[in-house]
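Everything on this sheet refers to the single structure shown next.
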Amino acid sequence: MELSKHMKKRCFCIISNLTLLMMTGLSYAQTIVIHPNTIISFSKTYNNATLDMSNGSFIIKNNATLTINNSSIVGTLSPTNPTLFTVDGAGSLVMNTNQVNITATNIAQHPTTQSLQYVIQVAQGKVNLSNNTFTINQPYTAGFLITTSSIPTTGIQLVNNNVSNFHGVFYLISSDNALIKNNLLNTNSYGNIVVMGSNGTITGNTISFSGNDRLGNSMDIINSDTMNISQNLLLTPTCHGVYVLNSNNVTIDSNQIFGGITYAINLLSNPEFEAQDEYVHKLAASLPARPLGATNIVVSNNFMSQNRYGIAATDITNLNVFNNVFIQRFSDAVSRQFWTNNSILLQNVTGLLWTNNIYKEAFTQDINGDNSQSMTIVPFPQTGGIVL
Amino acid sequence: MQIYQTGQFRKSSYFSKCVIATFSFFMINHAFANVVITGNQNINTATTYNNTTLDMSNGRFTINTGGTLTIQNSTINVTISPSNPFFTAMTNGSLVMNNNIVNVTVSGITPNPNSQSLYPIMPIQQGSVNLNGNTFTTDTDFTVSLLQTNVPATTNFSITNNTIKHFHGGLYLNNSSNATVSGNTFWNVSFSNIYNSGQLNNFNNNIFYFPGNLRLGDAIDLINATGVNIQNNIISSSSNYGIYIMGGQNISIDNNKIVDGLSYGISIPTSSLQKVNNKSLAQLLSKKKLTLLSNSNIVINNNYISLNRYGLSGGVINQLIVTGNTFIQRFSDSSIRQYWTNNDILLPSASNVTWANNLYKEAFTQDVPGDNSNALSFVTFPQHGGVFIP
């Protein structure tokens, strides 16, 4: 049956509109296979799509923006496909409300060395990720996001994302004005939030099991200036909770750090690393030389419970520690007094202000154990250690 | 400028009445630098204090039907004593407080950590309550509680983003439904921090530091409560339980962090008036004949329960769903670990149990130097038989 003239006209309009929509970069529910090294040199948007990146990757360049919204992404990282999203040439990657499942193939687990593969690698450009979920099937294999130390980046925004099982999460190296807010990081090894830059804000994040029972701090702030770390919840870090190296004007306020294997907060000027912090050393070494020194660090209103130790600092000028709560448990009074003695914990710290910090002995874990010393809160003195 | 409001209107002269009326006109809905409240001020109409310092050393408010008391951006210094037993009572009406600092001085009240306070500073009979962004602090532990409803049903309370320090009882929501208690921080609140019997209440995103104040008290107590959602709370260093439920039905406990508690992270004992009495919770119940509900349909999902002496226990419960939780504890040997993580002992009378995807991790040692060889892996927390670390 021949279409009427009116119907023909309508069909033409519909096809024209669809073509127009496709040309503007809008996509609809469909599986799209991404080929290796797919260049994005003009802005492109995927909405409500399924992206198959099993053998593919994007390279964003030429000031273009790749935007992916409300989509499902399946990607494979391997030695031959080491990065899924490369941001270069002042490009931008914007991802909102996506589910991203990564498979690691032919990558041996290497919990004590840095990843060679990353989901997102930034050379030059911007990244804005919000409300996404990223998971990888194999721990200790591939990292999530890393910037390049030799090329400064600025304004990276990572908000409300859920990231699990990666071997390295947010490595913002030579990156200023970063916002890392309200993310959930779960069982990621190596560095979870690593920032080297200035004017960064890290707030409202929950980081569970950083290090994934092998190696990794919750936060590493290295060679940085003017950093605000506030209202984060750090649960059972395998290494340090907050590790600050050679940085100035750092505020660590109103964080909660529970159950860590070692120090809740460690502040250092010199790279006097222990073996377990080797990964930090390597990252720091990749940066241009910066005068050593750490000044103006504020540690306030933090709640540090059942970490093996509380705060340690070495070679710091102007350290202000106030209104913090320390909960620890020691087998005897001598150990308690030693490991809460700032004469031992704070080495070569000048300009120290230590006020209104309190200590409570943690409740025992032993069945029928003794809690007689756990029922009071006492001042944590600036010197001399805790005596109950 | 200091304004005096007293409860002696009827005794004043005509001239005084005129002066007070004039001042009251300015006072109601206007801001003054300093207002002294004396005696019991009845609030029978809409009254607002904004950017005010309220001196309530010898004064208090009672909100009655038709009254709305709104206090915003103010500092309130109140003394609670046997002769000035509350800050604001409400027989009916509406209480709205936003962004105030409330400093409570206690006078002539003996601390009583093991029994309920006789002095809730906000006793509520009926009406609506909206508290947002306030800081309430008392200077004497174990003396006065903050807010308490009673037999008459209340509904739709909104209590958000407040800081509550050192009260002997936080929010006692008897027979209260559809309340939102969210974003509050409780510091050293003894007895019950949030107590509720009622329906369809939401207790979300609150932080409890030292509930029980190292004497007696849980973070959240539900007695005869249905349809309650307890989500995204942090409970640290409870002197007793983190969350205690008796007579709970259709309860969701989701994504909470319960750490460093003296006893169980979550306890759901068999409904029993005797147990209520033993736990001193009977003092919190409204004065009416109580028939306890049975425990049923309790969902415990995605919680992080760490370094409490024990994790989860319960008595008679029908339809218990426990999935996706992480338990972190530390035991001196494997037989003790297996015993105290054995649900055949911890949940002996629970029926229709769904237990899936729960993990156990041995806590890192606190000893210096200590052995962490058992603490570097997650293992499955089985439904039966207890945790065994290979």
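Chains as they are written, first to last, in the working numbering: chain A, 16 to 403; chain B, 23 to 412.
Beta carbons: idealized from backbone N, C-alpha and C, even for Gly.
query: At 9 angstroms on the CB atoms, spell out the chain A contacts of Ala385 (chain B), in chain order.; result: Thr251, Gly274, Gln321, Gln380
query: Going by DSSP in three states, Val314 (chain A) sits in which element: helix, strand or coil?; result: strand
query: Report yes or no: is there a C-beta of chain B within less than 8 angstroms of the C-beta of Thr391 (chain A)?; result: yes
query: Output needed in chain order: residues of the stretch 270-304 of chain B with a Cβ under 8 angstroms from some Cβ in chain A.; result: Lys279, Val281, Asp282, Gly283, Leu284
query: Thinking C-alpha only, which one of A:Asn263, A:Leu334, A:Asn317 is nearest Gly256 (chain A)?; result: A:Asn317
query: For the ligand NAP, is there any heavy atom lying closer than 7 angstroms to the beta carbon of Leu369 (chain B)?; result: In the structure on display, the ligand NAP does not appear, and there are no ligands present to speak of.
query: Quick one: measure Cβ to Cβ for Tyr278 (chain A) and Asn322 (chain A), integer angstroms, because I've assumed they're closer than 8 angstroms.; result: 7 angstroms
query: Compute the beta-carbon to beta-carbon distance between Phe213 (chain B) and Gly239 (chain B), rounded to the nearest angstrom, for a pair I have assumed lies under 8 angstroms.; result: 5 angstroms
query: Mapping DSSP to helix, strand and coil, what is Gln380 (chain A)?; result: coil
query: Hey, is Tyr382 (chain B)'s beta-carbon within less than 8 angstroms of any beta-carbon in chain A?; result: no
query: Just by C-beta distance, which residues in the stretch 363-387 of chain A are closer than 9 angstroms to chain B?; result: Lys375, Ala377, Phe378, Thr379, Gln380, Asp381, Ile382, Gly384, Asn386
query: Residue range of the alpha helix (DSSP H) that Arg359 (chain B) falls in?; result: 356-362
query: If you follow the alpha helix (DSSP H) that Asn365 (chain B) is part of, which residue opens it and which one closes it?; result: 365-368
query: If you check the beta carbons only, do Leu222 (chain B) and Ser199 (chain B) fall under 8 angstroms apart?; result: yes
query: Over what stretch of residues does the beta strand (DSSP E) that includes Asn357 (chain A) continue unbroken?; result: Premise fails: Asn357 (chain A) lies in the alpha helix (DSSP H), 357-360, not in any beta strand (DSSP E).
query: In whole angstroms, give me the CA-to-CA distance for Ser294 (chain B) and Asn201 (chain A).; result: 40 angstroms
query: Kindly list the residues whose CB is nearer than 6 angstroms to the CB of Trp369 (chain A), restricted to its own chain and excluding five residues on each side of it in sequence; keep chain order.; result: Val336, Gln397
query: So with CB distances below 9 angstroms, who are the chain E contacts of Asp389 (chain B)?; result: The question asks about chain E, but that chain is absent: this structure's protein chains are A and B.
query: State yes or no: is the C-beta of Thr84 (chain B) within less than 8 angstroms of the C-beta of Ala111 (chain B)?; result: yes
query: Check whether the Cβ atoms of Phe410 (chain B) and Leu381 (chain B) lie closer than 8 angstroms to each other.; result: no
query: If you run the structure through DSSP and keep just helix, strand and coil, what is Lys76 (chain A)?; result: coil
query: Is Ser225 (chain A) closer than 8 angstroms to Ser239 (chain A) when the C-beta atoms are compared?; result: no
query: What did DSSP end up calling Ser262 (chain A) once you bin it into helix, strand or coil?; result: coil
query: Should Asn251 (chain B) and Ser274 (chain B) be called a contact, given that it needs their Cβ atoms to be closer than 8 angstroms?; result: yes
query: Considering only residues of the same chain and omitting the five flanking positions on each side of Thr159 (chain B), which have a CB-CB separation below 6 angstroms?; result: Asn125, Lys187
query: Are the CB atoms of Asp235 (chain A) and Val265 (chain A) within a distance shorter than 8 angstroms?; result: no
query: Determine the extent of the beta strand (DSSP E) in which Ser335 (chain B) is found, giving its start and end residues.; result: 332-336
query: Quick check: the Cα distance between Val349 (chain A) and Ser328 (chain B), rounded to an integer number of angstroms?; result: 27 angstroms
query: Please confirm if Asp268 (chain A) has its CB atom under 8 angstroms from at least one CB of chain B.; result: no
query: According to DSSP, is Arg82 (chain B) part of a helix, a strand, or is it coil?; result: strand
query: Using DSSP with H/G/I as helix, E/B as strand and the rest coil, what is Ala105 (chain A)?; result: coil
query: Taking 8 angstroms as the cut-off, decide whether the C-beta atoms of Thr345 (chain B) and Lys383 (chain B) are in contact.; result: no
query: DSSP three-state label for Gln170 (chain B), please.; result: strand
query: What are the partner residues of Asn106 (chain B), as DSSP defines its beta bridges?; result: B:Ser103
query: May I have a chain-ordered list of the beta strand (DSSP E) segments no shorter than 3 residues that lie completely inside the stretch 140-209 of chain B?; result: 141-146, 150-154, 157-160, 166-171, 180-182, 185-187, 193-195, 202-204, 207-209
query: If I follow the unbroken beta strand (DSSP E) through Val126 (chain B), where does it start and stop?; result: 123-128
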